[in-house]
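See below for the structure under consideration.
2 protein chains.
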Amino acid sequence: MIKYGKKEERKAIDLSHHLSELSKARPVSPLKGLARYLGKPGLVMLAGGMPSPEYFPFHELSAEVLVPNSFPIEAPALTSAPAETSWFWRLFGGNAQKEVQTTHISVAKYPADRLTVNLATALQYGTAQGLPALQAVWREFVGKVYKPAYDDWTVLADTGNTDGWSRCAVTLMNRGDGFLTEEWTYPSALAAARPFGIRSVPVAMDGNGMRPDALRKVLSEWNVEERGGMKRPHVMYTVPVGQNPSGANMPASRKKEIYDICVEYDVIICEDDPYYFQQVGEYIPKDRRSAPAASESVEDPARYIETLVPSYLQFDYQGRVIRMDTFSKTMAPGSRLGWFTTSPILAERLERQGETTTQSPCGFGQSLITQLLLSWKYDGYVRWLQGISGQYKMRRDLFIDALADEFDLQITPRLAVGVWEGCDVLVASEKIQGGEMSEKKVFGRKQFFSFVPPAAGMFVWLKLHFDGHRDLVAGKETEESLEMKLWEEIAEAGVLFSPGWFFSADHEHDDTNARGEGHFRIAFSSASADDMKKAARTFRRVLDRFFA
Amino acid sequence: MIKYGKKEERKAIDLSHHLSELSKARPVSPLKGLARYLGKPGLVMLAGGMPSPEYFPFHELSAEVLVPNSFPIEAPALTSAPAETSWFWRLFGGNAQKEVQTTHISVAKYPADRLTVNLATALQYGTAQGLPALQAVWREFVGKVYKPAYDDWTVLADTGNTDGWSRCAVTLMNRGDGFLTEEWTYPSALAAARPFGIRSVPVAMDGNGMRPDALRKVLSEWNVEERGGMKRPHVMYTVPVGQNPSGANMPASRKKEIYDICVEYDVIICEDDPYYFQQVGEYIPKDRRSAPAASESVEDPARYIETLVPSYLQFDYQGRVIRMDTFSKTMAPGSRLGWFTTSPILAERLERQGETTTQSPCGFGQSLITQLLLSWKYDGYVRWLQGISGQYKMRRDLFIDALADEFDLQITPRLAVGVWEGCDVLVASEKIQGGEMSEKKVFGRKQFFSFVPPAAGMFVWLKLHFDGHRDLVAGKETEESLEMKLWEEIAEAGVLFSPGWFFSADHEHDDTNARGEGHFRIAFSSASADDMKKAARTFRRVLDRFFA
């Protein structure tokens with residue numbers, strides 16, 4: 085082991101043995117030799133094919149931007165349906181004419197102070213690292229929010245987490261390699277790696293996300309022959325917060341446990357964390373919900389950050405985490421802007437990987453977002469994130485409330501096993517109309533589906549109870565074919581869910597569709613409250629018919 | 085051969101046998117199954133993880149943009165140095181305070197007309213194809229300017245031509261494959277392909293670019309064994325206009341000839357054409373330059389377009405060209421936005437290739453640029469391009485004039501061979517100060533370098549005349565080591581050129597640096613007139629010492 089001096093004892097270790105052949109074959113840019121002259125005062129630069137900024141037709145950009153406290157810290161508890169005329173419904177109905185409070189920001193081509201964000205620089209060729217002013221914002225943010233456990237971490241721009249993971253995959257893995265991931269996962273993560281001959285290795289989950297015991301079992305019992313020649317994986321892809329599609333939010337203790345296993349087996353953790361600021365706490369049924377305590381609405385950025393489950397970075401004393409942040413969920417997906425936080429060695433190779441594709445993220449997006457963040461400042465941005473979080477809590481509650489209006493939702497302890505161990509599982513049964521329930525009625529009712537209300541993210545992940553379906557019993561259909569049949573009937577009725585098989589990390593290995601489980605993923609992130617109610621009603625109507 | 089009906093007789097042929105294994109392994113997005121429901125009226129969409137546009141902090145973007153005729157069609161002919169106070173010098177000196185004429189454009193989140201460009205859509209997740217309004221602009225532009233010779237061509241967004249070529253390379257080639265390219269070429273094109281085990285196959289050039297006879301020789305005499313197992317290339321990467329670094333501008337007749345060879349040998353042409361609107365005509369020495377005829381300044385978009393050498397698309401009756409356009413040189417590099425024009429089959433695979441990295445280009449850039457183009461309209465944009473072209477003509481002239489002030493530039497027919505066959509080659513010799521030249525003086529002077537004034541693009545490509553250098557004669561240095569020595573001395577003196585070896589398509593095959601030619605590439609695209617003069621003076625001073 086390398087012994088570090090006192091001053092440097094928290095430096096990242098050298099993990100360059102994880103680099104792929106492709107990444108090692110990426111030449112250092114020949115422009116590097118030019119770099120040492122670039123700071124020279126009075127240098128006449130005739131090397132690069134850069135147009136003069138005079139020829140950028142954009143003289144000044146400006147934007148009307150929402151104020152950081154546009155959304156309340158705690159959205160109003162919905163104990164009853166609000167009156168149609170309230171600000172809340174106008175907002176939530178997506179009414180475009182709603183009054184919003186905005187401030188003005190602008191980015192000039194040639195501001196008086198050349199060090200501020202300016203179009204002459206932002207719209208010129210830039211490095212793949214991102215604008216210096218934006219890097220500074222990220223450094224402050226990462227230091228205060230994620231608190232990496234080593235000192236020489238670095239930040240690096242990308243064009244969002246799909247680009248981020250795609251660059252991780254080819255930088256770290258060769259054809260034939262596999263990466264560890266949750267058994268249900270983000271389909272684009274699979275699609276990005278697959279053409280390079282890089283496959284997923286599913287690890288079992290429960291209601292808190294990936295299971296450490298399952299991870300250790302996969303790694304310790306790895307058998308190259310049984311795995312068709314695949315080497316033991318040295319890379320993990322994980323969405324630990326608001327996991328896509330399951331909505332699981334991994335607690336700190338489990339992250340620590342998984343991190344330690346990754347140290348033991350020398351695994352790089354690629355932490356894809358778009359939903360970090362959508363940690364919304366547990367679902368409380370409408371009839372038991374109370375207005376938030378006044379103390380919960382105090383604006384205190386540090387205290388809010390304390391309420392969030394820590395990132396893997398906080399446990400990362402070696403620099404083996406590649407954390408991916410994105411503005412897609414906190415600002416807008418169209419910003420196509422995000423960043424890595426990782427060790428200098430890995431960051432350098434990820435930067436090279438970006439140089440020959442996007443080169444650098446779009447300067448319009450970079451400059452406008454940087455100017456917004458400089459205008460809001462750290463505290464303002466955290467306040468904004470807190471407001472967004474309140475909105476997602478409200479949306480999650482609204483959607484589950486809508487299900488509760490159509491189905492009888494009961495906590496059912498006997499289902500809290502396997503994937504949902506340790507969680508309150510809600511089972512949705514046929515609602516008995518009129519009169520009190522007799523025991524007989526309760527017993528005889530059809531249980532349609534079950535789910536764990538997500539504590540983070542954008543999705544409700546439903547397990548469909550096809551077990552008593554006549555066509556399954558008769559052997560005419562599998563659970564998966566029933567999933568698609570039901571999905572189509574719901575789509576024909578005007579409501580679009582995502583079929584569960586999209587998210588199976590196993591699916592790509594197995595074209596026989598034999599996984600045999602029926603699931604839907606339902607996004608509550610953008611539909612209006614009315615549409616949520618309509619969706620729940622439609623879902624119920626189709627289910628009634630489907631199981632008739 | 086497929087027989088097409090009359091209506092469809094100009095359809096692209098099926099060239100899918102060119103697709104790489106990687107590209108064929110890219111799954112069609114599972115979301116495709118959802119697509120047929122998307123148009124359904126009243127559909128409730130709960131499938132995608134899209135945030136509500138309410139949570140985009142950008143309520144409205146606006147920009148002050150230059151008017152299309154900001155720059156004259158023909159920049160003033162510089163027969164003498166203009167007075168320091170003229171608008172021209174203020175502009176060209178990069179004076180930030182210069183008055184410019186601008187108009188206002190804006191993009192609202194929720195405009196009254198939902199079909200116009202809006203942030204609710206542009207900042208949402210979008211397709212890799214680009215905003216529909218932008219695609220419509222591209223279709224009009226491609227149809228009117230490039231006039232493809234088949235009907236079912238399609239346009240597709242990318243994040244600039246580096247991304248474009250990078251996607252072409254992995255979509256069309258497997259490890260071990262090679263692509264045909266000019267013997268001197270764009271280094272990033274090599275760097276993008278190399279890590280995938282894809283190498284360049286240099287083809288000899290002359291002053292008009294790639295030579296058809298050399299291309300035919302390479303293809304017809306291809307010997308897999310002699311080429312180390314490499315199959316005959318089926319892909320070409322070429323910069324036909326303002327070739328980087330040579331500045332060559334390929335005439336129409338030669339494009340036709342090369343296209344026909346590519347049909348014969350079934351080669352896909354990747355036409356990287358960032359400098360298409362910097363076709364600036366031949367260089368006329370200062371003392372012979374006259375003011376442009378009044379007729380040359382008439383604003384007539386169609387006539388201007390007629391003066392440009394046609395794109396390969398105009399000869400492409402089969403759909404074997406993948407043309408790459410970018411806004412980097414016509415608007416701003418930081419826009420990171422460009423587009424492919426190619427056949428539907430190739431476009432579909434190039435789109436998939438982009439989906440798992442950038443997904444779609446940045447919505448800030450897409451919406452602002454679309455709004456600008458809608459505001460300018462086709463004629464306005466062509467007028468803008470014409471103005472930019474005039475500026476580059478002026479810059480090219482200014483830089484060569486600056487060289488002429490420091491060196492004696494003479495057309496030397498004996499050098500018009502090989503690379504420069506068919507061109508007026510200027511040789512730069514020591515300038516004799518004072519008195520008339522005697523024949524003896526002319527004969528005894530040192531010839532420092534030679535070049536062909538470029539008729540397009542941003543670069544002057546110099547061949548250095550090291551042949552009489554004492555260290556070369558003494559065998560202490562090679563031409564290439566002298567190139568780097570001279571380059572460093574000029575850099576130390578405060579002027580940065582690009583060393584020629586960056587651009588060698590051979591270089592990557594040969595780490596012994598044995599190519600043995602000295603070149604510099606000099607960009608005249610952004611330096612001020614004063615800096616150009618300073619650079620020429622410095623160059624002369626260093627050369628005097630270097631050859632002393």
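Taken in sequence, the protein lines are chains R and A.
Okay, so the first sequence: first residue is 85 according to this note's numbering, each after it adds one.
Okay, so the second sequence: first residue is 85 according to this note's numbering, each after it adds one.
Here a beta-carbon is modelled for each residue, glycine too, at the ideal position from N, C-alpha and C.
Predicted model, so just to flag it, every value in this text is computed and none were measured.
Residues of chain A with CB under 7 Å from residue i, in chain order?
i, result
"R:Met314", "In chain order: nothing, as chain A lies at least about 17 Å away."
"R:Gln475", "Tyr139"
Taking Cβ-Cβ distances shorter than 9 Å, what residues in chain A pair up with residue i?
i, result
"R:Met134", "Pro417, Met542, Ala607, Ser609 and Ser610"
Can you look up residue i in the DSSP assignment and give me helix, strand or coil?
i, result
"R:Lys108", "helix"
"A:Gln363", "strand"
"A:His102", "helix"
"A:Asp400", "coil"
"A:Trp173", "In this prediction, A:Trp173 scores a pLDDT of 38, lower than 50, which makes its location untrustworthy; no coordinate-derived value is stated."
"R:Glu168", "Note that R:Glu168 scores a pLDDT of 40, beneath 50, so its modelled location is shaky; the value from the coordinates is reported in the next line. Three-state result, R:Glu168: coil."
"R:Pro358", "coil"
"R:Gly438", "helix"
"A:Ala540", "strand"
"R:Arg316", "coil"
"A:Pro385", "helix"
"A:Asp344", "helix"
"R:Thr426", "strand"
"A:Glu601", "coil"
"A:Thr269", "coil"
Note the first and the last residue of the continuous beta strand (DSSP E) segment covering residue i.
i, result
"A:Val191", "Thr186 to Ala192"
"A:Tyr321", "Val319 to Thr322"
"R:Lys649", "Because chain R is modelled from 85 through 632, residue 649 of chain R falls outside the range shown and cannot be assessed."
"R:Ser513", "Leu510 to Ser513"
"R:Asp242", "Thr238 to Asp242"
"R:Arg529", "No beta strand (DSSP E) holds R:Arg529; DSSP gives it neither H nor E."
"R:Phe225", "That residue, R:Phe225, is in no beta strand (DSSP E); its alpha helix (DSSP H) goes Pro216 to Val229."
"R:Glu305", "Element bounds for R:Glu305: n/a, residue is neither H nor E."
"R:Thr410", "Val405 to Thr410"
"R:Ala147", "Phe142 to Leu150"
Can you tell me whether residue i is buried or exposed, with buried defined as 16 or more other CB within 10 angstroms of its CB?
i, result
"A:Ala196", "exposed"
"R:Glu490", "buried"
"A:Phe623", "buried"
"R:Thr77", "Nothing about residue 77 of chain R can be read from this structure; chain R reaches only from 85 to 632."
"A:Pro125", "exposed"
"A:Gly313", "exposed"
"R:Ile342", "buried"
"A:Leu122", "exposed"
"R:Ile368", "exposed"
Provide the residue span of the alpha helix (DSSP H) that contains residue i, from first to last.
i, result
"A:Ser588", "Counting along the chain, A:Ser588 falls outside any alpha helix (DSSP H), and DSSP gives it neither H nor E."
"A:Ile472", "Gly447 to Glu490"
"R:Glu563", "Glu563 to Glu576"
"R:Arg621", "Ala613 to Phe630"
Listing by chain order, which chain A residues have their CB less than 8 Å from the CB of residue i?
i, result
"R:Val149", "Pro141, Phe142 and His143"
"R:Ile157", "Chain A residues near R:Ile157: none, gap ~15 Å exceeds 8 Å."
Starting from the Cα of residue i, find the closest Cα among the options and give me that residue.
i, options, result
"A:Tyr462", "A:Ala220, A:Gly552, A:Glu435 and A:Ala619", "A:Ala220"
"R:Asn258", "R:Pro296, R:Met334, R:Phe630 and R:Pro317", "R:Pro317"
"R:Ser337", "R:Gly365, R:Tyr396 and R:Gly418", "R:Tyr396"
"A:Pro537", "A:Val511, A:Leu274, A:Asp555 and A:Leu580", "A:Val511"
"R:Thr454", "A:Phe448, A:Ser459 and A:Leu457", "A:Phe448"
"R:Val112", "A:Phe550, A:His101 and A:Arg278", "A:Arg278"
"A:Thr391", "A:Arg372, A:Leu469 and A:Phe604", "A:Leu469"
Is residue i near the ligand GDP, judged by its Cβ being under 8 Å from some heavy atom?
i, result
"A:Phe483", "Ligands displayed in this structure: none; no statement on the ligand GDP is therefore possible."
Along chain R, in chain order, which residues have C-beta atoms closer than 9 Å to that of residue i?
i, result
"A:Ala109", "Arg278, Pro279, Phe280 and Gly281"
Give the residues of chain R in contact with residue i, contact being defined as C-beta atoms less than 8 Å apart.
i, result
"A:Pro445", "Arg420 and Cys446"
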